[in-house]
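**Q**
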Amino acid sequence: MQEHRLMEIMIPLKDYAMVSLDETIEEALKISKEKSERLSPEKFRHTAILVKDAGGNIVGKLTQADILRGLVQDYMVSDKTFLGRCKALRDKEVHEFMTTVTLTVDVNEELVHALQILETSGHRGLLVTGEGKKPIGMLRLTDIYQLVRETILED
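Here numbering that gives the first Met the number 0 is used: position 23 in the sequence shown is 22, and no number is missing along the way.
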């Protein structure tokens with residue numbers, strides 16, 4: 000059995016949901032939904048959205064937890080209903096909620112090394128870098144799990 004390479008498992012950046020810092024949460028979620036619908040059926044849907052600055056550099060990610068944290072923060076200072084708080088997030092900008100991306104893995108690293116980074120950090124995805132440390136894709140915990148499941152169930 001041949002070992003899988005990160006390049007085979009990761010989602011290429013061109014296929015990953017990506018928005019600018021000043022996009023609204025609503026627009027970011029629309030883009031994420033569109034990108035998820037274009038993934039091959041065997042891939043899990045996107046749960047994070049990469050965020051880029053004006054120069055096109057990836058500077059963060061917007062996760063489900065970031066958006067939900069925004070609801071909790073609003074709860075502390077608002078008398079809105081849950082649905083009201085959800086709707087209030089529509090026009091907020093991504094940079095207000097995003098998490099800074101700091102974790103990367105080189106495309107030539109072993110898969111187990113990438114998994115170790117994910118497990119010890121508590122993150123659910125790593126930016127995969129190629130030549131010159133340029134980002135080329137996203138490796139998600141769900142994609143590694145899917146590979147594990149397929150390997151175990153394989154005849």
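Where is the CB? At the ideal position from N, CA and C, for every residue including glycine. Since the model is a prediction, treat every value here as computed from it, not as a measurement.
1) If you count every other CB in all the chains shown that lies within 10 Å of the CB of residue 131, and 16 or more means buried, which is it?
2) Between the beta-carbon of residue 126 and the beta-carbon of residue 102, is there less than 8 Å?
3) Check the C-beta distance from residue 71 over to residue 61 and give it rounded, since I have them as a contact under 8 Å.
4) One question on the structure: do residue 10 and residue 121 come within less than 8 Å of each other, judged by their Cβ atoms?
5) Does DSSP classify residue 47 as helix, strand or coil?
6) Excluding the five sequence neighbours on either side, which residues of its own chain have a C-beta within less than 8 Å of the C-beta of residue 8, listed in chain order?
7) Taking the Cβ atom as the reference point for each residue, do residue 20 and residue 100 lie within a distance shorter than 8 Å?
8) With a CB to CB cut of under 7 Å and the five nearest residues on each side skipped, what residues in its chain are close to residue 114?
9) Are the Cβ atoms of residue 98 and residue 65 separated by less than 8 Å?
10) Is the Cβ-Cβ distance between residue 23 and residue 91 less than 8 Å?
11) Out of 6, 3 and 34, which has the shortest C-alpha to C-alpha gap to residue 18?
12) Return the CA-CA distance between residue 128 and residue 6, expressed in angstroms with no decimal places.
13) Quick check on residue 83: buried or exposed, where buried means 16 or more other Cβ atoms within 10 Å of its Cβ?
14) Tell me the DSSP bridge mates of residue 137?
**A** So, to answer that:
1) That one is exposed.
2) The beta carbons of residue 126 and residue 102 sit closer together than 8 Å.
3) Incorrect: roughly 16 Å between the Cβ atoms, too far for contact.
4) The beta carbons of residue 10 and residue 121 sit no closer together than 8 Å.
5) DSSP, read as helix, strand or coil, puts residue 47 in strand.
6) Around residue 8: 110, 138, 142, 143 and 146.
7) No, they are not a contact pair.
8) Contacts found: 143.
9) Result yes, Cβ atoms of residue 98 and residue 65 sit closer than 8 Å.
10) Against a cut-off of 8 Å, the Cβ pair of residue 91 and residue 23 comes out as a contact.
11) Closest by C-alpha distance to residue 18, out of 6, 3 and 34, is 34.
12) Distance between the alpha carbons of residue 128 and residue 6 is about 10 Å.
13) Answer is exposed; the Cβ neighbour count stays below 16.
14) Beta-bridge pairing links residue 137 to 10 and 126.
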